[in-house]
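Residue numbers (the numbering used here): 17 to 127.
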Amino acid sequence: MKGPLLRAKFFTHADKQPARDWLLGLEPEQRKEIGADIQAIQWRWPVSKPLVDGLGGGLYEVRSSFKGRAFRVFFCVKGGCMILLHGIEKKTQKTPKAALDLARKRMSEVV
């Protein structure tokens with residue numbers, strides 16, 4: 017059996033993995049749901065809405081929900097890797113500009 021189309025890897029800066037740390041701060045059930053969505057993307061890439069949305073310039077978001085709460089994990093794709101850059105829980109309809117700016121900044125360090 018073939019493996020996943022993309023490997024998942026966490027963005028690392030100064031020996032820290034902020035997206036991983038964010039995920040580990042969530043409840044186990046939330047982590048499991050988001051992890052399943054990430055895995056689905058790895059195996060079925062390219063994927064579109066509702067699971068993935070393109071945000072322009074090579075930045076994408078995993079669109080997860082759990083018990084009515086919306087979670088986003090921002091990622092880019094480089095060399096067969098899905099690089100997980102940043103994660104948030106969405107509190108409003110619009111994605112916060114600061115979260116997008118941070119994800120784009122991290123993406124610029126790996127692309």
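C-beta atoms are modelled at their ideal positions from N, C-alpha and C, and glycine is treated no differently.
Quick check: the Cα distance between residue i and residue j, rounded to an integer number of angstroms?
{"i": "L67", "j": "A24", "result": "16 Å"}
{"i": "F82", "j": "E125", "result": "31 Å"}
{"i": "G95", "j": "A114", "result": "27 Å"}
{"i": "R60", "j": "K18", "result": "12 Å"}
{"i": "P62", "j": "R47", "result": "22 Å"}
{"i": "C92", "j": "E43", "result": "25 Å"}
{"i": "V78", "j": "D69", "result": "7 Å"}
{"i": "D37", "j": "P20", "result": "24 Å"}
{"i": "H29", "j": "E45", "result": "27 Å"}
{"i": "Q33", "j": "T111", "result": "21 Å"}
{"i": "F26", "j": "A119", "result": "12 Å"}
Using only alpha-carbon positions, find the residue among the options that is nearest to residue i.
{"i": "V89", "options": "K18, M123, P20 and G95", "result": "M123"}
{"i": "D117", "options": "G72, S64 and A56", "result": "G72"}
{"i": "K121", "options": "C97, L75 and V93", "result": "L75"}
Check whether the Cβ of residue i sits closer than 7 Å to any heavy atom of the ligand ATP, and report yes or no.
{"i": "R23", "result": "Ligands displayed in this structure: none; no statement on the ligand ATP is therefore possible."}
Please classify residue i: is it buried, with 16 or more other beta-carbons within 10 angstroms of its beta-carbon, or exposed?
{"i": "D31", "result": "exposed"}
{"i": "V7", "result": "No statement about residue 7 is possible, as the shown extent of the chain runs from 17 to 127 and does not include it."}
{"i": "L22", "result": "buried"}
{"i": "S64", "result": "exposed"}
Using 8 Å as the threshold, is the C-beta distance between residue i and residue j below it?
{"i": "A35", "j": "L101", "result": "yes"}
{"i": "M98", "j": "Q58", "result": "yes"}
{"i": "L39", "j": "I50", "result": "yes"}
Quiz item: Are the region 79–89 and the region 101–111 touching, with three or more C-beta to C-beta distances below 8 Å?
Solution: Three or more Cβ pairs drawn from the region 79–89 and the region 101–111 lie within less than 8 Å of each other, which places the two stretches in contact.
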